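**Student:**
Number of protein chains: 2
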Amino acid sequence: MNFVNKLSAAWRTNNSLLCVGLDPDLAKLPPALRHADGIATFCKAIVDATADAACAFKPQIAYFAALGAEKQLEEVCAYIRSRYPHIPLVLDAKRGDIGATATQYAREAYDRYGADAVTVNPYMGFDSVEPYLEWADRGVIVLCRTSNAGGSDLQFLDVGGKPLYQHVASLVAHKWNRSGQCALVVGATFPAELRAVREIVGDMPLLVPGIGAQGGDVQATVEAGRTADATGMMINSSRAILYAAPAAGEDFAAAARRAALATRDDINRYR
Amino acid sequence: MNFVNKLSAAWRTNNSLLCVGLDPDLAKLPPALRHADGIATFCKAIVDATADAACAFKPQIAYFAALGAEKQLEEVCAYIRSRYPHIPLVLDAKRGDIGATATQYAREAYDRYGADAVTVNPYMGFDSVEPYLEWADRGVIVLCRTSNAGGSDLQFLDVGGKPLYQHVASLVAHKWNRSGQCALVVGATFPAELRAVREIVGDMPLLVPGIGAQGGDVQATVEAGRTADATGMMINSSRAILYAAPAAGEDFAAAARRAALATRDDINRYR
Numbered sequence: 012m013n014f015v016n017k018l019s020a021a022w023r024t025n026n027s028l029l030c031v032g033l034d035p036d037l038a039k040l041p042p043a044l045r046h047a048d049g050i051a052t053f054c055k056a057i058v059d060a061t062a063d064a065a066c067a068f069k070p071q072i073a074y075f076a077a078l079g080a081e082k083q084l085e086e087v088c089a090y091i092r093s094r095y096p097h098i099p100l101v102l103d104a105k106r107g108d109i110g111a112t113a114t115q116y117a118r119e120a121y122d123r124y125g126a127d128a129v130t131v132n133p134y135m136g137f138d139s140v141e142p143y144l145e146w147a148d149r150g151v152i153v154l155c156r157t158s159n160a161g162g163s164d165l166q167f168l169d170v171g172g173k174p175l176y177q178h179v180a181s182l183v184a185h186k187w188n189r190s191g192q193c194a195l196v197v198g199a200t201f202p203a204e205l206r207a208v209r210e211i212v213g214d215m216p217l218l219v220p221g222i223g224a225q226g227g228d229v230q231a232t233v234e235a236g237r238t239a240d241a242t243g244m245m246i247n248s249s250r251a252i253l254y255a256a257p258a259a260g261e262d263f264a265a266a267a268r269r270a271a272l273a274t275r276d277d278i279n280r281y282r
Numbered sequence: 012m013n014f015v016n017k018l019s020a021a022w023r024t025n026n027s028l029l030c031v032g033l034d035p036d037l038a039k040l041p042p043a044l045r046h047a048d049g050i051a052t053f054c055k056a057i058v059d060a061t062a063d064a065a066c067a068f069k070p071q072i073a074y075f076a077a078l079g080a081e082k083q084l085e086e087v088c089a090y091i092r093s094r095y096p097h098i099p100l101v102l103d104a105k106r107g108d109i110g111a112t113a114t115q116y117a118r119e120a121y122d123r124y125g126a127d128a129v130t131v132n133p134y135m136g137f138d139s140v141e142p143y144l145e146w147a148d149r150g151v152i153v154l155c156r157t158s159n160a161g162g163s164d165l166q167f168l169d170v171g172g173k174p175l176y177q178h179v180a181s182l183v184a185h186k187w188n189r190s191g192q193c194a195l196v197v198g199a200t201f202p203a204e205l206r207a208v209r210e211i212v213g214d215m216p217l218l219v220p221g222i223g224a225q226g227g228d229v230q231a232t233v234e235a236g237r238t239a240d241a242t243g244m245m246i247n248s249s250r251a252i253l254y255a256a257p258a259a260g261e262d263f264a265a266a267a268r269r270a271a272l273a274t275r276d277d278i279n280r281y282r
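If you read the sequences in order, they're chains L and Z. Each position in the first sequence, counted from 1, maps to that position plus 11 in my numbering. Each position in the second sequence, counted from 1, maps to that position plus 11 in my numbering.
1) Quick one: which residues of the stretch 115 to 147 of chain L get their C-beta closer than 7 angstroms to a C-beta of chain Z? List them in chain order.
2) So, does the stretch 126 to 135 of chain Z touch the stretch 45 to 65 of chain Z, judging by three or more C-beta pairs under 8 angstroms?
3) Quick check: what's the CA-CA separation for G221/L versus L205/L?
4) Does the stretch 247 to 267 of chain Z come within contact of the stretch 29 to 45 of chain Z, defined as at least 3 CB pairs closer than 8 angstroms?
5) Cα separation between E119/Z and A239/L?
6) Helix, strand or coil: which one does DSSP assign to D103/L?
7) Just the Cα atoms here: how many angstroms apart are R123/Z and H97/Z?
8) Which chain L residues are close to N159/Z, counting only those with a beta carbon under 8 angstroms from its beta carbon?
9) Helix, strand or coil, according to DSSP, for C284/L in the structure here?
10) Quick check: the stretch 261 to 279 of chain Z against the stretch 23 to 39 of chain Z, are there 3 or more CB pairs under 8 angstroms?
11) Do I57/L and V101/L have their C-beta atoms closer together than 8 angstroms?
12) List the residues of chain Z that S163/L touches, going by C-beta distances under 7 angstroms, in chain order.
13) Would you call Q230/Z buried or exposed, if buried means 16 or more other Cβ atoms sit within 10 Å of its Cβ?
14) Please determine, among A62/Z, S27/Z, T112/Z, the residue with the shortest C-alpha to C-alpha distance to S93/Z.
15) Give the C-beta separation of N6/L and A64/L to the nearest angstrom, bearing in mind that I take them to be a contact with Cβ-Cβ under 8 angstroms.
16) Suppose you measure from the CA of C88/L to the CA of F75/L; what does that come to, to the nearest Å?
17) Say whether the stretch 153 to 162 of chain L touches the stretch 136 to 145 of chain Z, bearing in mind that this needs 3 or more beta-carbon pairs closer than 8 angstroms, one atom from each stretch.
18) Can you tell me where the beta strand (DSSP E) holding G32/L begins and where it ends?
19) Between A126/Z and P99/Z, what straight-line distance do the alpha-carbon atoms span, to the nearest angstrom?
20) Name the chain Z residues that come within less than 8 angstroms of V170/L, Cβ to Cβ?
21) Got a sec, what are the start and stop residues for the alpha helix (DSSP H) G248/Z sits in?
22) Return the Cβ separation of D103/Z and K69/Z in integer angstroms, given the expectation that the two are a contact with Cβ distance under 8 angstroms.
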């Protein structure tokens with residue numbers, strides 16, 4: 012089963028478009044978990060609490076790398092794969108390098124961490140993405156339109172009458188995605204742009220960050236980005252789920268579960 | 012001393028513009044060193060053999076990450092910092108993410124590995140680069156024009172009458188580099204483009220991959236990219252130095268030293 016099929020099955024099985032982002036920021040964790048092994052404990056508890064509400068899990072490697080906690084990231088990824096093998100595991104790494112080096116990054120994401128898909132940066136062009144496609148059962152999620160304010164610095168530049176991000180969407184949909192393994196990152200903060208990308212790429216899956224803590228509107232996001240069968244998106248929420256517990260001492264996993272179920276239901280209301 | 016000052020001192024002290032890239036590909040190492048600890052042994056021997064011929068060392072993190080060899084990368088970086096504290100250490104990681112995550116990547120590069128500078132990707136805009144600037148004594152080397160064939164896919168797109176990479180060069184030189192910590196990656200495979208970037212950015216340092224195994228011409232590169240004082244570049248060579256020994260069994264470090272000295276001299280001939 013390839014990445015897109017696995018994702019489609021998860022959309023149906025859990026009736027959810029919610030991607031749970033695992034960005035374990037030490038400063039925001041319960042005090043007893045503010046160390047490398049603690050972030051693994053935290054992430055596994057979040058995974059257990061949200062697995063029936065999610066269509067994907069997305070660990071952000073930077074939070075582990077800053078702490079030298081690669082072993083703990085391996086542990087979290089292995090836990091997801093063994094306990095919830097039907098839920099796609101997306102490694103958020105945003106890699107981008109020339110071919111020989113891209114192969115090393117693909118090994119890191121797919122072989123070492125066992126990710127079903129990895130986020131990559133398009134700036135270095137197709138030969139920086141092509142090596143990932145050799146893992147035929149895995150996916151590559153290419154940055155297109157990002158949800159941060161500075162995203163416009165390059166992505167909104169005018170290229171032949173359309174913004175660069177639409178050019179990237181066309182490139183990926185019509186040239187790079189020859190094997191059906193590609194998806195795109197398109198932020199939720201600009202629903203009109205999400206709609207424009209959806210029109211360009213047909214049914215290609217979109218990873219959509221920016222709801223929750225980043226302020227994107229759920230209704231506008233769903234209406235702009237859904238496919239004809241009311242799927243097509245991994246709508247990511249990280250901080251609003253991970254740190255849902257309002258005060259130290261409250262059960263963070265129970266609070267995360269409540270937040271995840273509410274977000275899933277909120278998304279489903281507009282599908 | 013900030014990164015640019017440290018680099019300028021290394022250019023003078025070693026009379027060299029050569030950056031030695033540390034890309035330890037297991038398949039190309041002496042058989043006895045084809046394991047995680049072996050790549051640290053290999054890299055340290057290369058460092059010792061080339062330190063008086065280099066203006067910078069540039070470990071490529073992907074080769075370590077694919078093997079789960081972060082501890083060995085820490086060891087190599089600590090070795091460079093302790094034995095050759097006057098030679099800038101550039102971590103080639105090509106990171107790019109939103110602000111909160113960029114801070115984690117900056118911690119990884121600067122605090123964990125002790126890098127003097129790190130390569131980053133501009134696609135997500137200034138707020139994905141800004142967090143690195145909080146480390147005032149460190150540098151940020153932004154991808155501009157890369158030496159791979161696919162580099163043209165995005166970088167050569169026409170933006171208001173000039174290619175995207177020139178727009179990136181202008182953005183970095185005239186907006187992002189307010190604190191003098193920035194440099195650019197510009198490949199050696201296109202000397203006319205290297206010249207165009209030099210004209211845009213003044214004396215900003217350029218990291219120039221693409222000579223050696225990638226085929227860039229040394230004379231054309233030096234003439235196109237040098238500053239008025241005949242410096243301004245870290246001209247990178249990785250494979251042509253690391254794997255200079257023609258046959259298994261030959262002393263790889265001695266061969267690397269000969270290749271590094273020859274490349275340094277070849278560059279100096281045209282300065």
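Just so you know, even glycine gets a beta-carbon here, dropped at the ideal spot from N, CA and C. Since this is a predicted model, take the numbers as computed values, not measurements.
**Tutor:** Considering the structure as presented:
1) Q115, Y116, R118, E119, R123, N132, P133, Y134, M135, G136, F137, D138, S139
2) no
3) The residue you call residue 221/L lines up with position 210 of the first sequence. The residue you call residue 205/L lines up with position 194 of the first sequence. Each residue's alpha carbon lies about 12 angstroms from the other.
4) Using a Cβ-Cβ distance cut-off of 8 angstroms, the stretch 247 to 267 of chain Z and the stretch 29 to 45 of chain Z are in contact, since at least three pairs of beta carbons, one from each stretch, lie closer than that value.
5) Along the second sequence, one-based indexing puts residue 119/Z at 108. Along the first sequence, one-based indexing puts residue 239/L at 228. Approximately 42 angstroms, taken between the alpha carbons.
6) Locating residue 103/L in the first sequence gives position 92, counting from the first residue. Note: D103/L maps to strand in three-state DSSP.
7) Taking the first residue of the second sequence as position 1, residue 123/Z is located at position 112. Taking the first residue of the second sequence as position 1, residue 97/Z is located at position 86. Roughly 19 angstroms separates the two Cα atoms.
8) Your numbering for residue 159/Z matches position 148 in the second sequence. Going along chain L in sequence order, the residues near N159/Z (Cβ under 8 angstroms) are I109, G110, M135, G136, D138, S139.
9) Residue 284/L lies beyond the stretch modelled for chain L, which goes from 12 to 282, so this question has no answer here.
10) yes
11) Taking the first sequence and counting its residues from 1, the one referred to as residue 57/L is at position 46. Taking the first sequence and counting its residues from 1, the one referred to as residue 101/L is at position 90. The Cβ atoms of I57/L and V101/L lie no closer than 8 angstroms to each other.
12) Along the first sequence, one-based indexing puts residue 163/L at 152. For S163/L, the residues of chain Z that pass the 7 angstroms Cβ criterion are G136, in the order they occur in the chain.
13) Position 219 of the second sequence, counted from the start, is the residue given in the question as residue 230/Z. Label assigned to Q230/Z: exposed.
14) Walking along the second sequence from the start, residue 93/Z turns up at place 82. Among A62/Z, S27/Z, T112/Z, the Cα nearest to that of S93/Z belongs to A62/Z.
15) Outside the displayed range of chain L (12 to 282) lies residue 6/L, so it cannot be described from this structure.
16) The residue given as residue 88/L occupies position 77 in the first sequence. The residue given as residue 75/L occupies position 64 in the first sequence. Those two C-alpha atoms are separated by around 12 angstroms.
17) yes
18) Your numbering for residue 32/L matches position 21 in the first sequence. Taken as a continuous stretch (DSSP letters only), the beta strand (DSSP E) holding G32/L covers 29 to 33.
19) Stepping through the second sequence from its first residue, residue 126/Z is reached at position 115. Stepping through the second sequence from its first residue, residue 99/Z is reached at position 88. Going by the C-alpha atoms only, they are around 8 angstroms apart.
20) For the purposes of this step, residue 170/L is identified with residue 159 of the first sequence, where counting begins at 1. Per Cβ cutoff of 8 angstroms: L168, D169, V170, L175.
21) Along the second sequence, read from residue 1 onward, the residue named residue 248/Z stands at position 237. The question names Gly, but residue 248/Z in the sequence shown is Ser. Per DSSP, S248/Z is not a residue of any alpha helix (DSSP H); the beta strand (DSSP E) it occupies stretches across 244 to 248.
22) Translated into the one-based positions of the second sequence, residue 103/Z becomes position 92. Translated into the one-based positions of the second sequence, residue 69/Z becomes position 58. Rounded, the Cβ-Cβ distance is 5 angstroms, consistent with contact.
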